[in-house]
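Below is one structure; the comments refer to it alone.
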Amino acid sequence: MCPTGFKQGLKGAWVNYDGQMVDDARFVTAVARTAAGYGAKIITRAEVTNATGDQVTFTDTLHNEEYTINARAVINATGVWAGQLDENIKVHPARGTHLVLDAEKLGNPEGALTVPLGGSISRYLFILPAPHRRCYLGLTDEDNGDDIPDVPYTGTHGMSDKAPSWFSTDIPTLDLWKWQ
């Protein structure tokens, strides 16, 4: 999955397709159609106003009518907006630095690689394969503010310095791509 990845001491792995979705609308449609194929009733044009682990209240936005339905399980898949549906969920958007690398230099990995940063149990650097023969090397753990900060060279250089210890190949600083 990650041919040039460091294998000594590896205890386990999993496949992750984060950042691989090209068309999220088609994905949602495919999931809904698959669920319908298994017997689910698909409801569109509905705004969920309350959800618990086994019940959902929603408003039919075409007819402005409210309904409550029971379920064996309810999945809140609203991402960083999950707290807007359930105030007990505390989520906030994060930002980070992501470098674009030539995938060939890393052996054209087919899966993501996530490695703890500096002995931390909560900070990770990752490599994500991307379309067009690229990979993203990144860290996403800064609280997102309103301003989009300028990324100083030191922010990118720190990651390119740490990543080579994971791989059997070097990542020269000159291989980093930058655009505005």
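Its first residue numbered 197, the sequence shown is counted upward by one per residue in our numbering.
Where is the CB? At the ideal position from N, CA and C, for every residue including glycine.
Check	Outcome
Please check the pair Leu324 and Cys331, which I expect to be a contact at CB under 8 Å, by giving their CB distance rounded to whole angstroms.	7 Å
Among all the DSSP beta bridges, which residues are the ones paired with Glu262?	Thr255
Please report the straight-line C-alpha distance between Asp219 and Thr225, rounded to a whole angstrom.	10 Å
Determine the DSSP secondary structure at Leu335, reduced to helix, strand or coil.	strand
Distance check for Tyr263 and Gly292, CA to CA, integer angstroms please.	40 Å
Determine the DSSP secondary structure at Leu370, reduced to helix, strand or coil.	Caution applies to Leu370, whose pLDDT of 48 falls short of 50 and renders its modelled position unreliable; the model cannot decide the point.
Who does Gly233 pair with in a DSSP beta bridge?	DSSP lists no partner for Gly233.
Relative to the C-alpha of Lys301, which residue among Leu333, Ala232, Ser316 is closest?	Leu333
At what residues does the beta strand (DSSP E) containing Leu295 begin and finish?	290–298
Is the separation between the beta-carbon of Ala232 and that of Ile238 shorter than 7 Å?	yes
Assign Leu297 to buried or exposed, taking buried as 16 or more other Cβ atoms, counted over all protein chains shown, within 10 Å of its Cβ.	buried
Whose C-beta lies closer than 7 Å to the C-beta of Thr310 among residues of the same chain, with five residues either side of it excluded?	Tyr320, Phe322
Find the nearest neighbour of His328 within the set Pro305, Ser318, Ala228, Leu313, judged by alpha-carbon distance.	Pro305
Quick check on Gly249 - is its C-beta less than 7 Å from some C-beta in chain B?	The structure shown contains no chain B; it holds only a single protein chain.
Which residues mark the beginning and the end of the alpha helix (DSSP H) in which Leu309 is found?	It is not in any alpha helix (DSSP H) - Leu309 instead sits in the beta strand (DSSP E) that spans 309–312.
By the DSSP assignment, the beta strand (DSSP E) with Leu302 in it spans what residues?	Here Leu302 belongs to no beta strand (DSSP E), and DSSP marks it neither H nor E.
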